[in-house]
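> If you read the protein sequences in the order shown, they are chains A and B.
When we follow this note's numbering, the leftmost residue of the first sequence carries the number 1, and every step to the right adds one.
When we follow this note's numbering, the leftmost residue of the second sequence carries the number 205, and every step to the right adds one.
A virtual CB, placed ideally from N, CA and C, is assigned to each residue, including glycine.
Number of protein chains: 2
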Amino acid sequence: MAAKRKTEVDTSTEEKIKQAARKVFSEKGYFGTRTRDIADEAGINLALVNYYFRSKEKLFDLVMQEKVYKLFGTIVPILINPSISFDAKIDIVSDSYIDMLIENPDLPIMVFNEIKHNPNSFGVKMQLGPLFLESSFFKQIKERNSSIDPLQFVLSIIGMLVFPFIARPIFVNMGGMNKEVYIEMMRERKKYIPIWVNAILDAK
Amino acid sequence: MAAKRKTEVDTSTEEKIKQAARKVFSEKGYFGTRTRDIADEAGINLALVNYYFRSKEKLFDLVMQEKVYKLFGTIVPILINPSISFDAKIDIVSDSYIDMLIENPDLPIMVFNEIKHNPNSFGVKMQLGPLFLESSFFKQIKERNSSIDPLQFVLSIIGMLVFPFIARPIFVNMGGMNKEVYIEMMRERKKYIPIWVNAILDAK
DNA sequence: AAATAATTTAAACAAACGTTTAAAAAGGTT
DNA sequence: AACCTTTTTAAACGTTTGTTTAAATTATTT
């Protein structure tokens, strides 16, 4: 099969299935998704799912690996980079991470679900040690406030960033809040996070 | 041989099934749970699940209603109570909510999952409007800092409290952290939250 | 054009699923 | 005891599930 050019959209059957899988797995989870749902969403014959990806589980692992990378792979390299200042890290992460989550609101709940249910699966293989051990970010936190527990602090930053998207269904699905209103709220949030992070570090 | 127990534990079949359902649904979710899993966990015959609860879905709704009440019903009455001061609210919630979450670490991810997947189900019927509208808590936030958006602020508090339990599988299941170490970390966290909440409110 | 390979299709497969059945066992009442 | 109700059981029910099959179609190579 000849490779398509960059500018062209990949409309191959394989890609159609992958995109459908991304959507359906995100919405319904692994056990809530039927192979037939993916086939229908992709508009292709049922057998093609197994023809291209061998099994539902293999396809899920593939999608999950993408998702895990999206959730962690975008934030970890920034935080562990020693040549980026602490303040710059907070600014960059607040801005880009919230943007990414606005585009992928189902991402956190999907990934945390999978890690809980299947912590050693192929799709979840990712080394998070670098962030939580002797990383540059931890040192920078210590420099700013030596009395703080860096792990507690990191849990709070990530929580402030990610939790609103985990709680999103309470507002959007359950509470009837308009999606656009919620997105605007998340955009507003970008301004608050750096201020609050600094307030926490200067506390006590 | 048959010595009477001090505490009257309900060992009825109905209660055994309910307890098994609480455990298995929490661990595997609705679609990941088979009726046979619940029967095995309860140590009873498969047909008894339907005999006592009519259907898997009815049993799930029952369990979910308990869970939703546990997650929201313990925190909302405190926050909307006008006769409790702001500082006292933060102290009470930090302490009791983290204690409750230590006992029920799977609770948040289970409830958010269900609300996302089935926002209008019977088990999820709970009015959260009182908290987010004209509640005493919102007024108290405004009194402390008139320039802050109360909803953004509440999202941060709840996020700081709840998110560590949503991310728990990353540390405990995936990262290999000892459960007791994690619990101790959450106990430590009780001290941080009120300090950080006040720091956020005094910021800028 | 003929031959070969890759893709797509409709149909079927065995296993697993939630649920039901009908009979047996246990408990209670008279 | 006999009778009736409640609980428990093993087995089976009809669907749905992920997956496979074998033939049909399309694409590529010779």
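1. Taking the alpha helix (DSSP H) that Pro368/B falls in, what are its first and last residues?
2. Report all residues from its chain with a CB closer than 8 Å to the CB of Ala108/A; omit the five preceding and five following residues, and keep chain order.
3. Would you report the Cα separation of Phe341/B and Ile361/B, rounded to the nearest angstrom?
4. For Pro281/B, is the classification buried or exposed, using 16 other Cβ atoms within 10 angstroms of its Cβ as the cut-off for buried?
5. For a test of the three-state rule: what should DSSP assign to Ile294/B, helix, strand or coil?
6. Have a look at Ala199/A and Ile345/B and give me their C-alpha separation to the nearest angstrom.
7. Strictly under 7 Å for the Cβ-Cβ distance: is Met354/B near chain A by that measure?
8. Flag Lys4/A as yes if its beta-carbon sits less than 7 Å from any beta-carbon of chain B, otherwise no.
9. Taking 6 Å as the limit between beta carbons, can you name the residues of its chain near Leu161/B, skipping five residues before and five after?
10. For the stretch 387-407 of chain B, list every residue whose C-beta sits within 8 Å of some C-beta in chain A, in sequence order.
11. Suppose you measure from the CA of Leu355/B to the CA of Val253/B; what does that come to, to the nearest Å?
12. How about Arg36/A and Leu46/A: do their beta carbons lie closer than 7 Å?
13. What separation, rounded to the nearest whole angstrom, lies between the Cα atoms of Tyr52/A and Val172/A?
14. Below 8 Å on the Cβ atoms is my guess for Met110/A versus Ile319/B; work out the distance and round it to an integer in Å.
15. Between Ile296/B and Leu62/A, what straight-line distance do the alpha-carbon atoms span, to the nearest angstrom?
16. Around the Cβ of Ser12/A, are there at least 16 other Cβ atoms within 10 angstroms (buried) or fewer (exposed)?
17. Roughly how many angstroms separate the alpha carbons of Ser289/B and Val401/B, rounded to a whole number?
18. When you compare only the Cα positions, how much space is there between Arg34/A and Ala224/B?
19. If I follow the unbroken alpha helix (DSSP H) through Arg226/B, where does it start and stop?
20. Could you check whether the Cβ of Asn382/B sits closer than 6 Å to any heavy atom belonging to the ligand SAM?
21. Checking 7 Å against the spacing of the C-beta atoms, do Met268/B and Gly327/B come in under that value?
22. Do you know offhand how far Asp291/B's Cα is from Ala203/A's?
23. Give the straight-line distance between the Cα atoms of Glu41/A and Asn104/A, rounded to the nearest whole angstrom.
24. Should Lys208/B go down as buried or exposed, given a rule of 16 or more other Cβ atoms within 10 Å for buried?
25. For a contact meaning CB atoms closer than 9 Å, what does Met160/A contact in chain B?
26. With 16 other CB atoms within 10 Å as the buried threshold, where does Ser339/B fall?
27. Mind listing the chain A neighbours of Ile284/B? Cutoff is C-beta to C-beta under 8 Å, in chain order.
28. Using beta carbons (cut-off 7 Å, strictly below), is Phe112/A in contact with chain B?
29. Among Tyr301/B, Pro373/B, Asn285/B, which residue has its Cα nearest to the Cα of Ile397/B?
30. I want to verify the contact list: residues of chain B whose CB lies under 9 Å from the CB of Lys28/A, in sequence order.
31. Should Ala206/B go down as buried or exposed, given a rule of 16 or more other Cβ atoms within 10 Å for buried?
32. Counting only Cβ pairs nearer than 8 Å, list the residues of chain A close to Asn377/B.
33. Out of Phe153/A, Glu57/A, Phe112/A, state which residue places its alpha-carbon closest to the alpha-carbon of Tyr69/A.
34. For Ala199/A, does the three-state DSSP call read helix, strand or coil?
35. To the nearest whole angstrom, what separates the beta carbons of Gly29/A and Phe235/B, a pair I think is in contact under 8 Å?
On the basis of the coordinates in this document:
1. Its alpha helix (DSSP H) spans residues 354-370.
2. Note that residue 108/A is Pro in the sequence shown here, rather than Ala. Closer than 8 Å at the Cβ level, and outside the excluded window around Pro108/A, lie Leu71, Leu101, Val162, Phe165, Ile166.
3. Using only the alpha carbons, I get a separation of about 12 Å.
4. Classification of Pro281/B: exposed, given that the 10 Å Cβ count is below 16.
5. Three-state DSSP puts Ile294/B in a helix.
6. Their backbone Cα atoms lie some 17 Å apart in a straight line.
7. Looking at the sequence shown, residue 354/B is not Met but Pro. Chain A, which has no Cβ nearer than 7 Å to the Cβ of Pro354/B, makes this no.
8. Residue placement at Lys4/A is poorly supported in this model, since its pLDDT is 40, which falls under 50; the coordinates are not used for a value here.
9. One cannot answer for residue 161/B here, as it falls past the ends of chain B, which runs 205 to 408.
10. Answer in chain order: Met389, Glu392, Arg393, Tyr396, Ile399, Trp400, Asn402, Ala403, Ile404, Asp406, Ala407.
11. The alpha-carbon atoms of Leu355/B and Val253/B are separated by roughly 42 Å.
12. Arg36/A places its beta carbon less than 7 Å from that of Leu46/A.
13. Their backbone Cα atoms lie some 36 Å apart in a straight line.
14. That belief does not hold up - the Cβ atoms of Met110/A and Ile319/B are roughly 15 Å apart, past 8 Å.
15. Going by the C-alpha atoms only, they are around 44 Å apart.
16. If you draw a 10 Å sphere on the C-beta of Ser12/A, you find fewer than 16 other C-beta atoms in it, and that means exposed.
17. Here the alpha carbon of Ser289/B sits roughly 14 Å from the alpha carbon of Val401/B.
18. CA-CA distance, Arg34/A to Ala224/B, rounds to 26 Å.
19. Taken as a continuous stretch (DSSP letters only), the alpha helix (DSSP H) holding Arg226/B covers 217-236.
20. The ligand SAM is not among the ligands present in this structure, which contains no ligands whatsoever.
21. Yes. Within cutoff.
22. Their Cα atoms are separated by approximately 16 Å.
23. For Glu41/A and Asn104/A, the distance between alpha carbons rounds to 19 Å.
24. With a pLDDT of 35 at Lys208/B, under the threshold of 50, the modelled position of that residue is not reliable, and no figure is offered here.
25. Residues of chain B passing the Cβ test: Leu359, Ser360, Gly363, Met364, Phe367.
26. Ser339/B is buried by the Cβ-count criterion.
27. Under the 8 Å cutoff, chain A gives no residues; its nearest Cβ is about 16 Å from Ile284/B.
28. Yes, because at least one Cβ of chain B sits closer than 7 Å to the Cβ of Phe112/A.
29. Comparing Cα-Cα distances from Ile397/B to each of Tyr301/B, Pro373/B, Asn285/B, the minimum goes to Tyr301/B.
30. The answer, in chain order, is Phe235, His321.
31. With a pLDDT of 34 at Ala206/B, under the threshold of 50, the predicted position of this residue should be treated as unreliable, and no value is reported.
32. For the C-beta of Asn377/B, the chain A residues within less than 8 Å are, from N- to C-terminus, Ile115, Lys116, Pro119.
33. Checked all of Phe153/A, Glu57/A, Phe112/A; the closest Cα to Tyr69/A is Phe112/A.
34. Three-state result, Ala199/A: helix.
35. That pair is a contact at about 7 Å.
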